[in-house]
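Q:
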Amino acid sequence: MNYRTYTKEEINKAIVAVRDNEYDYNYVAIRVCPDMVEVGQKLETSFVWVDGEITDEELEGTCGISIKSKASCGYFGECMAIIGGYDAEYGEDIGEIIIKDAEVIAVL
Numbered sequence: 001m002n003y004r005t006y007t008k009e010e011i012n013k014a015i016v017a018v019r020d021n022e023y024d025y026n027y028v029a030i031r032v033c034p035d036m037v038e039v040g041q042k043l044e045t046s047f048v049w050v051d052g053e054i055t056d057e058e059l060e061g062t063c064g065i066s067i068k069s070k071a072s073c074g075y076f077g078e079c080m081a082i083i084g085g086y087d088a089e090y091g092e093d094i095g096e097i098i099i100k101d102a103e104v105i106a107v108l
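Numbering (this note's numbering), first residue to last: 1 to 108.
#1: Thinking just about the alpha-carbon of each residue, which of Ala106, Glu78, Val48 is nearest to the one in Asp112?
#2: Quick check on the burial criterion: 16 or more other C-beta atoms within 10 angstroms. Buried or exposed for Glu103?
#3: How many angstroms separate the CA atom of Ile105 from the CA atom of Ala14?
#4: Helix, strand or coil: which one does DSSP assign to Val109?
#5: Return the chain-ordered list of same chain residues with a C-beta closer than 7 Å to the C-beta of Glu117, the five sequence neighbours on each side being excluded.
#6: With a Cβ-Cβ cutoff of 8 Å, do Leu108 and Ala81 count as a contact?
#7: Tell me Lys100's beta-bridge partners as DSSP assigns them.
#8: Would you kindly report the start and end of the unbroken beta strand (DSSP E) that includes Glu60?
Laid out in structure tokens, this is it:
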């Protein structure tokens with residue numbers, strides 16, 4: 001895997017670009033994706049993790065970090081995307097949001 005660090009400036013630039021395109025999603029988040037994704041792609045649901053281990057229990061949507069969260073300041077991974085959706089709930093981690101029927105709206 002070719003991991004790289006995404007800076008706060010890169011993330012903020014992507015968020016501004018998304019806002020400038022006037023997407024009308026109610027919820028927008030940053031997601032580190034395990035595989036490469038494309039704009040417009042619908043994402044699969046995420047799974048519950050317990051003590052750093054994935055379980056078989058599916059969540060109601062795709063996890064990400066809310067763009068309103070201070071936790072969205074710096075990230076690393078192979079692929080990072082901005083995702084959006086119309087319905088969501090908050091997760092257990094700081095800044096975590098679970099977006100139902102999440103769609104990729106930008107790829108960093």
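Even for Gly, the Cβ is constructed at its ideal location relative to N, Cα and C.
A: The short version:
#1: This structure does not reach residue 112, given that the chain is present from 1 up to 108, and the question cannot be answered.
#2: Counting from 1 along the sequence shown, the entry for residue 103 is found at position 103. When all chains shown are included, Glu103 counts as buried.
#3: Walking along the sequence shown from the start, residue 105 turns up at place 105. Walking along the sequence shown from the start, residue 14 turns up at place 14. So the alpha carbons of these two residues sit roughly 10 Å apart.
#4: Nothing can be reported for residue 109: it is not among the residues displayed for the chain, which extend from 1 to 108.
#5: Nothing in the structure corresponds to residue 117, since the chain is present only between 1 and 108.
#6: Within the sequence shown, numbered from 1, the residue matching residue 108 stands at position 108. Within the sequence shown, numbered from 1, the residue matching residue 81 stands at position 81. Yes; because the gap between Cβ atoms is below 8 Å, this pair is in contact.
#7: Taking the first residue of the sequence shown as 1, we reach residue 100 at position 100. For Lys100, which the question treats as bridged, DSSP gives the partners Asp87.
#8: Within the sequence shown, the letter at position 60 stands for residue 60. For Glu60, no beta strand (DSSP E) segment is defined, and its DSSP state is neither H nor E.
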